[in-house]
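The sequence shown begins at 1 in my numbering and counts up one residue at a time.
Every residue gets a Cβ at the ideal spot worked out from N, C-alpha and C, and that includes glycine.
Here the structure comes first, spelled out in structure tokens, and everything after it is commentary.
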Amino acid sequence: MKKQPKNWLIYTGLAFQIGIVMYLMIQFGHWIAPKWGINPKIAVLTSCLVGLALVLVLIQKQSKNL
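The following block contains the structure:
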């Protein structure tokens, strides 16, 4: 029988995933703004909102596994 990881361990890993996703989406917003010729604030805000949606999906999937 396989032993399940502790809840705090799962949530610690989730915190790192959230941080990485948000950092990458902010960097993507900064990268895409000059490529498309749009306002950097709008590009970063939009990519942050997409990152937030991805984070919510990650949280939902991790919560199902508990």
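1) Hey, LEU58 and LEU14: beta-carbon distance below 8 Å or not?
2) Starting from the C-beta of ILE32, find all residues in its chain whose C-beta is less than 6 Å away, skip the five residues before and the five after it, and write them out in chain order.
3) Could you check the C-alpha separation between VAL55 and ILE38 for me, to the nearest Å?
4) On the CB-based measure, 16 or more other CB atoms within 10 Å of its CB, does SER47 come out buried or exposed?
This is what the structure gives:
1) The count along the sequence shown starts at 1 and reaches residue 58 at position 58. The count along the sequence shown starts at 1 and reaches residue 14 at position 14. Yes, these two residues count as a Cβ contact at 8 Å.
2) Indexing the sequence shown from 1 puts residue 32 at position 32. ALA43.
3) The residue labelled residue 55 in the question sits at position 55 within the sequence shown. The residue labelled residue 38 in the question sits at position 38 within the sequence shown. C-alpha separation (whole angstroms): 25 Å.
4) The residue given as residue 47 occupies position 47 in the sequence shown. Result: buried.
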